[in-house]
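*Asks:* Below you'll find the structure I mean.
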Amino acid sequence: MLNRRTFVKASAAAGTLAYWTDPLHAAATLSPVDESAPAGQPAWLKTLRRVGQTNITEHDPAVLDVEAWADYWSRVKAGVVYVSVTGIIAYYQTQVPFHRKGKYLAGKDFFGELNTAARKRGLRTFARMSPDLNWGDALQAHPEWFMRDEQGNAIPTADTPELFQTCTFTPYMTDYMTAIMREINAHYDVDGFYMNGWPMFNMPVCYCNVCRKLPPPKTPAYWDKFNDRVMQLWKLYDNIAKEKNREAFYFANMGGGIHATTNLVQIGEISQWFQADNQGRGRMDDPIWGCTQQGRVCHAIMNGKLAANVTGLWSTGPLRWRESIKSPQETQMWLDETAASGMVPYIHVIGGEKGMGEDRRWEKLGEDYFAWTAKHDVHFMNRRSIANIAVVFGQRTNLFYQAPNDMTMQRNMDGLYSALLEGRFFFDFLHEDQLDPDRLKKYTAVILPNIALLSDAQCAQLRAYVNQGGSLLATFETSMYTDQNARRADFGLADVLGIHTAGKVIGRRGNSNPFYARIERQHAILAGFTDTDWLPGAEYRQPVAAVENPILTVVPGFVAYPPELSYPPTPQTTEPAVVLQERGSSRTAYFPGNIEHSLWIAGNTDLSRLLQNTIRWVAGETNPVTIEGDGLIEAFAWETDPGFAVHILNYTNPNTHRGWLRAFYPIGPQRVRLHLPPGRTIRKAELLRAEKKIPFTMNGGVVEFTIPSIDDYEIAALTAE
Ligand SMILES: [Zn+2]
378 MLNRRTFVKA
388 SAAAGTLAYW
398 TDPLHAAATL
408 SPVDESAPAG
418 QPAWLKTLRR
428 VGQTNITEHD
438 PAVLDVEAWA
448 DYWSRVKAGV
458 VYVSVTGIIA
468 YYQTQVPFHR
478 KGKYLAGKDF
488 FGELNTAARK
498 RGLRTFARMS
508 PDLNWGDALQ
518 AHPEWFMRDE
528 QGNAIPTADT
538 PELFQTCTFT
548 PYMTDYMTAI
558 MREINAHYDV
568 DGFYMNGWPM
578 FNMPVCYCNV
588 CRKLPPPKTP
598 AYWDKFNDRV
608 MQLWKLYDNI
618 AKEKNREAFY
628 FANMGGGIHA
638 TTNLVQIGEI
648 SQWFQADNQG
658 RGRMDDPIWG
668 CTQQGRVCHA
678 IMNGKLAANV
688 TGLWSTGPLR
698 WRESIKSPQE
708 TQMWLDETAA
718 SGMVPYIHVI
728 GGEKGMGEDR
738 RWEKLGEDYF
748 AWTAKHDVHF
758 MNRRSIANIA
768 VVFGQRTNLF
778 YQAPNDMTMQ
788 RNMDGLYSAL
798 LEGRFFFDFL
808 HEDQLDPDRL
818 KKYTAVILPN
828 IALLSDAQCA
838 QLRAYVNQGG
848 SLLATFETSM
858 YTDQNARRAD
868 FGLADVLGIH
878 TAGKVIGRRG
888 NSNPFYARIE
898 RQHAILAGFT
908 DTDWLPGAEY
918 RQPVAAVENP
928 ILTVVPGFVA
938 YPPELSYPPT
948 PQTTEPAVVL
958 QERGSSRTAY
968 FPGNIEHSLW
978 IAGNTDLSRL
988 LQNTIRWVAG
998 ETNPVTIEGD
1008 GLIEAFAWET
1018 DPGFAVHILN
1028 YTNPNTHRGW
1038 LRAFYPIGPQ
1048 RVRLHLPPGR
1058 TIRKAELLRA
1068 EKKIPFTMNG
1078 GVVEFTIPSI
1088 DDYEIAALTA
1098 E
């Protein structure tokens, strides 16, 4: 704590205004923010702040109360609702062959009833479709539409063996889906088309006649073909959407945080709407911040265009009760994270049994939350983030990198993320295809958390950034592989980081101690470590050649049991456990260990402190925002339409690392200091959750105020001149 405060003080003294005026991260030299909608985007999208969806089941035509449904979404001021057309079950009197009418549809035009009821109330509607599955009769008539396993068998779904998976590369997508879209255009008015269940969350493995001619599944060469196909279909569907209504558009289902199958940068270029289908924590040990990671991904790739995160009000998680809600606190925090990270809140329930569902507790929850956001819409209109650190999330690494044993890139990110939150840093995510100088100049430091796959061109961009005075922090196998997943003989960033490989990745034997890091001399990254000569190392390391004057050296792991043998046979080596360099304003740090992953799986506080110290050292003392106070928080700072906003999420909760949240545990005063761009001054400061004005001071371009307490979420909204 003392150390953090010392650093904060130092930055306050030395770094005044530097964030906005340093040429390296010259946010102040950015062109003025363009207030018109991004190219190709309908103007109404810019002001869309709420989305609602009752996911229509086959039974709903018999039970759902259409008027109550439309009244609800209108009352909560949802700007858009989804109405199911589908592709698996038809909700209208379709003529498209193999578009099977639902069992309870009878002679009804259920899609039409819903669409009319919504539009009568001024709601915009999207026709929701599912291209991923079809039935046995379609399989018999069109065997070429379907995915095949290696033996050539069609692939049924796990829950419903009568439904088979269709293949993205086949005419199912160009003949069948387009016929449905044109049928909708012919008979109804909609604002666009949305496809669920596509493109897939996992890269398809298919041996149909088309796919047999493609490069092997799960390779970068296959990925290129997959991305080409997705882009081709996306454009085709978008053109069909526009055949009736020039403002209409098409989009599909994304999400999964740092994990995605389709090239996210390509999606960002083509899509008007990022549908972040990240509905809640998925696994038992998922931390609460899965939604903000999603928001950071969307912010990186959408360039200011809309991203909406789907919050499932139903019971998401390892056991999924689709028609029973999860704890209101868990849902509320997910919505808080959506708003804080710059996405549009979107609530999602399944089915309308008994009119609005068997479990109707979600209605009030959605109503209260949306009513609160509606009062403060203007302060959620973000122009750009205020952050001095970029974290690369490495999509190719996430897709193709073969991590040792049980190491996962999600845990690797969660380890780094936890250190970033504990250190209260302000950071953005970036995709590895976004390392151009224009984008990087905003940041004093770029973090590469085991970004193993980097092309030569990407390494050159990082080299140029460092030569311009930028700083880097990299770990483990960063740049050891090309973008085609070929292992290099030495790091692609060897010269930039001052390192050379010295052999293969080393793990630990059986249950033995992982390696240790021996302190050779004092340094800022070791602040707070007293009375110890050793620190924990990591589970795995990529050995690197000796360097002059090392700060930390490797003590190889040794026997853990029996304790009689638990001592270091080799107590000292010349192998570095960290490599630091300093040239002008540029600082680089490289950890040969998978330090952030080890931190995450072990919960090791020394590793967190070491990472935080190192991030602070590379990022320098030009923090644009600091927040002092107790508790585990995640914070965002935005330049907004009216001025600025600082969002603070309170994760100080026993269920932060294992869901669901059961209650909120308020934290005390949080003292915020925000450096303003030159020429800006604050007129008013208010708290949007507490709904009251607060006092503030302005001093030398820095605005300072204190948020007295926070339950789950608070937003300090600053109106500026
Ligand atoms: Zn196929």
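Throughout, the numbering used here is defined as the position within the sequence shown, counted from one, plus 377. By construction, the Cβ of each residue, glycine as well, lies at the ideal position given by its N, Cα and C atoms.
On a CA-only basis, which of Val457, Leu641, Arg1050, Phe802 is nearest Tyr723? Give me that one, please.
*Replies:* Residue Val457 is the option with its Cα nearest to Tyr723.
*Asks:* With respect to 7 Å, is the separation between the Cβ of Met554 and the closest non-hydrogen atom of ligand 1 below this value?
*Replies:* Met554 Cβ: outside cutoff for every heavy atom of ligand 1.
*Asks:* Can you list, in chain order, the residues of its chain whose CB lies under 7 Å from that of Arg895, leaving out five sequence neighbours each side?
*Replies:* Contacts found: Asp910, Trp911, Leu929, Thr930, Val932, Gln949.
*Asks:* Let's see if you can read the secondary structure: which residues bound the beta strand (DSSP E) around Glu952?
*Replies:* No beta strand (DSSP E) holds Glu952; DSSP gives it neither H nor E.
*Asks:* When the distance is taken between beta carbons, is Leu817 closer than 8 Å to Ser856?
*Replies:* Not closer than 8 Å, so no.
*Asks:* How would you label Gln779, buried or exposed, when you count the other beta carbons within 10 angstroms and need 16 or more for buried?
*Replies:* Exposed is the call here.
*Asks:* Confirm, please, whether the CB-CB distance from Glu1011 to Leu798 is below 8 Å.
*Replies:* Against a cut-off of 8 Å, the Cβ pair of Glu1011 and Leu798 comes out as a contact.
*Asks:* What do you reckon, is the C-beta of Phe541 under 7 Å from a heavy atom of ligand 1?
*Replies:* Because no heavy atom of ligand 1 lies under 7 Å away, the Cβ of Phe541 does not count as near it: no.
*Asks:* Look up Met558 in the DSSP assignment and say whether it is helix, strand or coil.
*Replies:* It is helical.
*Asks:* State the DSSP-derived secondary structure class of Asp805, mapped to helix, strand or coil.
*Replies:* Asp805 falls in the strand class under three-state DSSP.
*Asks:* What does the Cβ neighbour count give for Pro826, buried or exposed, with the cut at 16 atoms within 10 Å?
*Replies:* With 16 or more other Cβ atoms within 10 Å, it is buried.
*Asks:* My understanding is that Phe651 touches Cys675, with C-beta atoms under 8 Å, so please give their C-beta distance in whole angstroms.
*Replies:* Sure, about 5 Å apart at Cβ, within 8 Å.
*Asks:* So, is Asp568 buried or exposed, given that buried needs 16 or more other C-beta atoms within 10 angstroms?
*Replies:* With 16 or more other Cβ atoms within 10 Å, it is buried.
*Asks:* For Gln643, which of Phe603, Ala625, Met720, Asp663 has the nearest alpha-carbon?
*Replies:* The shortest Cα separation from Gln643 among Phe603, Ala625, Met720, Asp663 belongs to Phe603.
*Asks:* In whole angstroms, what separates the C-alpha of Ile876 from that of Gln899?
*Replies:* Roughly 21 Å between the two C-alpha positions.
*Asks:* Cβ-heavy atom distance between Phe546 and ligand 1 below 7 Å?
*Replies:* Checking the Cβ of Phe546 against ligand 1 gives yes.
*Asks:* On the DSSP letters alone, give me the boundaries of the alpha helix (DSSP H) that Tyr842 sits inside.
*Replies:* 833-844 is the span of the alpha helix (DSSP H), which, as asked, contains Tyr842.
*Asks:* In angstroms, rounded to a whole number, what distance separates the CA positions of Leu610 and Gln418?
*Replies:* Approximately 19 Å, taken between the alpha carbons.
*Asks:* I'd like the span of the alpha helix (DSSP H) that includes Ile647, first residue to last.
*Replies:* Its alpha helix (DSSP H) spans residues 641-647.
*Asks:* Using only alpha-carbon positions, find the residue among His725, Lys1069, Pro548 that is nearest to Trp711.
*Replies:* Nearest C-alpha to Trp711: His725.
*Asks:* Whose CA, out of Glu539, Pro1054, Met1075, lies closest to the CA of Arg1060?
*Replies:* Answer by Cα proximity: Met1075.
*Asks:* Closer than 7 Å: is that where the CB of Arg857 sits relative to any heavy atom of ligand 1?
*Replies:* Note on residue identity: the sequence assigns Met, not Arg, to residue 857. Flag unset: Cβ of Met857 not near ligand 1.
*Asks:* Can you tell me which residues form a DSSP beta bridge with Lys1070?
*Replies:* In the DSSP output, where bridge partners are listed per residue, Lys1070 has Glu1063.
*Asks:* If you follow the alpha helix (DSSP H) that Pro474 is part of, which residue opens it and which one closes it?
*Replies:* Element bounds for Pro474: n/a, residue is neither H nor E.
*Asks:* Trp1015 and Asn680: beta carbons closer than 8 Å?
*Replies:* For Trp1015 and Asn680, no; Cβs fall outside 8 Å.
*Asks:* To the nearest angstrom, how far is the alpha carbon of Lys1069 from that of Pro538?
*Replies:* Rounded to the nearest angstrom, the two C-alpha atoms are 56 Å apart.
*Asks:* Is the closest heavy atom of ligand 1 to the C-beta of Met524 under 7 Å?
*Replies:* Checking every heavy atom of ligand 1 against the Cβ of Met524, one is found closer than 7 Å.
*Asks:* At 3 residues or longer, and completely inside the stretch 650-694: list those beta strand (DSSP E) runs for me, N to C.
*Replies:* Entirely contained in the stretch 650-694, the beta strand (DSSP E) runs reaching 3 residues are, in chain order, 650-653, 683-689.
*Asks:* Apart from the five residues just before and just after Val955, which ones in its own chain have a Cβ nearer than 6 Å to its Cβ?
*Replies:* Taken in chain order, the residues that qualify are Ile928, Leu929, Phe968.
*Asks:* Is Asp1089 buried or exposed, if buried means 16 or more other CB atoms sit within 10 Å of its CB?
*Replies:* With 16 or more other Cβ atoms within 10 Å, it is buried.
*Asks:* Taking only heavy atoms of ligand 1 into account, decide whether any of them is closer than 7 Å to the Cβ of Val768.
*Replies:* No, the Cβ of Val768 stays beyond 7 Å of every heavy atom of ligand 1.
*Asks:* Pull up the distance between the alpha-carbon of Arg382 and that of Glu1081, whole angstroms please.
*Replies:* Any reading at Arg382 must be qualified, since the residue scores a pLDDT of 38, below 50, and its modelled position is unreliable; no value is offered.
*Asks:* Helix, strand or coil: how does DSSP classify Ala404 here?
*Replies:* At Ala404, the pLDDT of 47 sits below 50, so the modelled position is not reliable; the number obtained from the coordinates is stated separately. If DSSP states are grouped into helix, strand and coil, Ala404 belongs with the helices.
*Asks:* Could you give the distance in angstroms between the alpha-carbon of Ala518 and the alpha-carbon of Phe546?
*Replies:* Going from the Cα of Ala518 to the Cα of Phe546 covers about 18 Å.
*Asks:* Measuring only the C-alpha atoms, how far is Ala1044 from Arg761?
*Replies:* It is worth fixing the name first, because residue 1044 is Ile in this sequence and not Ala. For Ile1044 and Arg761, the distance between alpha carbons rounds to 28 Å.
*Asks:* Could you check where the alpha helix (DSSP H) with Leu516 kicks off and where it finishes?
*Replies:* Run containing Leu516: 513-518, per the alpha helix (DSSP H) assignment.
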